[in-house]
Amino acid sequence: MKHNIWRWSIAIAVILSVVLAAVLILRDRPKAETAEDKDITVNLVYAFQNRQWSACVEEVVRQFEDAHPGIHIAYEIQYEDEVYEDTLTKLVARDELGDIVQLKEPVRFAKNGLLAPLPEALCQQVDSVCRVDGTPYAAAALGVTTGVVYNKALFRDLGLDPPASYEEFLSLCAALRRQGVTPLGVGGRDLWHLEHWMNHFLRSDVLSREPDFLALCKTGERDWGDPLITRMLEHTSQLFRRGYVDSNWINTPDAALSYHLAEGEVAMVFSGPWLIQDALALDPSLELGWFYVPSEAGQVVAGESVDVFWAVSAGCARDPDRYEAACAFLEFFYSEEVYEQVCAAMAGFSTLTDKTRGQYEASPAIGEMAEARAGADLRFTAYVGDENTPPGFEKRLLELLVRLCQGELSVSEAQALCAECWEEEAVYE
Numbered sequence: 007m008k009h010n011i012w013r014w015s016i017a018i019a020v021i022l023s024v025v026l027a028a029v030l031i032l033r034d035r036p037k038a039e040t041a042e043d044k045d046i047t048v049n050l051v052y053a054f055q056n057r058q059w060s061a062c063v064e065e066v067v068r069q070f071e072d073a074h075p076g077i078h079i080a081y082e083i084q085y086e087d088e089v090y091e092d093t094l095t096k097l098v099a100r101d102e103l104g105d106i107v108q109l110k111e112p113v114r115f116a117k118n119g120l121l122a123p124l125p126e127a128l129c130q131q132v133d134s135v136c137r138v139d140g141t142p143y144a145a146a147a148l149g150v151t152t153g154v155v156y157n158k159a160l161f162r163d164l165g166l167d168p169p170a171s172y173e174e175f176l177s178l179c180a181a182l183r184r185q186g187v188t189p190l191g192v193g194g195r196d197l198w199h200l201e202h203w204m205n206h207f208l209r210s211d212v213l214s215r216e217p218d219f220l221a222l223c224k225t226g227e228r229d230w231g232d233p234l235i236t237r238m239l240e241h242t243s244q245l246f247r248r249g250y251v252d253s254n255w256i257n258t259p260d261a262a263l264s265y266h267l268a269e270g271e272v273a274m275v276f277s278g279p280w281l282i283q284d285a286l287a288l289d290p291s292l293e294l295g296w297f298y299v300p301s302e303a304g305q306v307v308a309g310e311s312v313d314v315f316w317a318v319s320a321g322c323a324r325d326p327d328r329y330e331a332a333c334a335f336l337e338f339f340y341s342e343e344v345y346e347q348v349c350a351a352m353a354g355f356s357t358l359t360d361k362t363r364g365q366y367e368a369s370p371a372i373g374e375m376a377e378a379r380a381g382a383d384l385r386f387t388a389y390v391g392d393e394n395t396p397p398g399f400e401k402r403l404l405e406l407l408v409r410l411c412q413g414e415l416s417v418s419e420a421q422a423l424c425a426e427c428w429e430e431e432a433v434y435e
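Residue numbers 7 to 435, in my numbering, belong to the letters of the sequence shown in order.
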């Protein structure tokens, strides 16, 4: 009996020794590292669209780095070119596209092998995802609308109301000018600012009558010599020819427009709701309103821009740790609290499948915008520069519009050059 007890005691001691040794080995063995455990730098490339967007991205980066101390986001604002696409072309040529990149039209980048697939779990959260052959390559950051932000107190003092037709809009501009007030502020020093008016007239004069116009131009079934384009160019030049636009518009940067609006130097600015946020930051007592310029047919046409996409570069994906860190940033961007802050800062609308995320308490002017958007007769997301537009055409069209609005070109001359530019750029598709 004693012999058995002795044998059992030895066996138990041996087992305990083995277990203890195993515990010590496991304790001292290094854990499998994740991106969180390493010192990783991820390069983020994004466009300077306006002060709100830049501040918004910077704040998300700050919060992400606080929550992920092992990951540093090195961001660089890109605004040295007239249009963001020129900057991206240069970055691609130098193999400096970065890791996380903001894109306006991601399909071409994906088809050229410049992007890495995004995690499906991330893309399931987002409504607007760019897919090529079923593979997700980019997710929409948020949606915005564009329309006229106006000085409500000034309108009231002059006995003016928002227009119910395009003729009333022109009459409104004329009335403001007679009162010594510049009707419209335009930031022509930033070429891309002219996209707002360009796409408005594209939507109200062209797409309202032929919604697939750009796609049909791509297939050769329509072209830019069309009478619908003639009307679009006539309406654009008309505002400048009649003196409804600030005389120094060509030297005015987009960033100055909120100041001009807040100071009463202009009565209206065609822009996005971020302008409201910027103007109210300058003067919280401002009374601002919002309306969509009606089409010539009397329809309220709302432009909805979903043209800010996040993507991860193919170069980033070659480093699994950097790719993991980049995807972690995107997950953070779309997280409930952060995404609400983004939408509130930009006064944008959610592109998430769960529309309860991204909701925020709006100012009266933003509430007016949301009401007008909900009541619009037509909504269009198509724009010059989307997937149906040849690369390079958008910039060339904007440059032609500057010459048209300065009186260097007639409508017919500008239209002929538009058609020529489309054909030339379509070669590079």
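The C-beta atom is built at its ideal place from N, Cα and C for all residues, glycine as well.
Where residue i sits in the DSSP three-state scheme
i      : result
Leu358 : strand
Asn394 : coil
Val135 : strand
Tyr389 : coil
Leu294 : strand
Ala170 : coil
Pro75  : coil
Leu164 : coil
Leu384 : strand
Ala303 : coil
Ala145 : strand
Ser369 : coil
Leu415 : coil
Thr258 : coil
Val433 : coil
Asn56  : coil
Ser214 : coil
Pro233 : helix
Reference residue i, options the options, closest by Cα
i      : options                           : result
Tyr156 : Gly104, Cys179 and Gly309         : Cys179
Phe399 : Ile372, Leu406, Trp428 and Gln283 : Trp428
Tyr143 : Ser134, Ala116, Phe70 and Lys224  : Ala116
Val212 : Asp196, Arg237, Val135 and Glu227 : Arg237
Beta-bridge pairing of residue i - partner residues as DSSP gives them
i      : result
Tyr81  : Leu50
Leu410 : Note: Leu410 sits in no beta bridge, so no partner.
Met274 : Tyr156 and Leu190
Val318 : Ile106 and Ala122
Glu310 : Thr151
Val251 : Leu190
Cα-Cα separation, residue i to residue j
i      : j      : result
Leu6   : Asp139 : The structure shown does not extend to residue 6, since the chain spans only 7 to 435, so no value can be given for it.
Val314 : Ala285 : 23 Å
Leu190 : Arg209 : 20 Å
Glu174 : Gly381 : 19 Å
Val408 : Ala420 : 10 Å
Glu405 : Val67  : 34 Å
Gly147 : Phe355 : A small correction: the amino acid at residue 147 is Ala; Gly does not occupy that position in the sequence shown. Whole-angstrom Cα-Cα distance: 10 Å.
Ile256 : Ala127 : 46 Å
Gly304 : Ser177 : 15 Å
Leu415 : Cys424 : 12 Å
Leu103 : Val348 : 24 Å
Contacting residues, own chain, Cβ-Cβ under 8 Å from residue i (five flanking each side not counted)
i     : result
Ala61 : Ala351
Cutoff 8 Å: residue i Cβ touching any chain D Cβ
i      : result
Glu216 : Of the protein chains in this structure there is only one, and it is not chain D.
Close beta carbons around residue i, own chain, < 6 Å, minus the five adjacent residues each side
i      : result
Leu267 : Val275 and Ala285
Asp325 : none
Ser341 : none
Tyr193 : Checking the sequence shown, residue 193 turns out to be Gly, not Tyr. Answer for Gly193: His199, Thr258, Pro259, Asp260 and Leu263, listed in chain order.
Ala41  : With a pLDDT of only 49 at Ala41, under 50, the local geometry of the prediction cannot be trusted, and the value read off the model is given with reservation. Same-chain partners within the cutoff: Asp327, Glu330 and Ala331.
Residues near residue i by beta carbon distance below 7 Å, same chain, minus five either side
i     : result
Asp45 : Gly76
Val63 : Tyr52 and Tyr81
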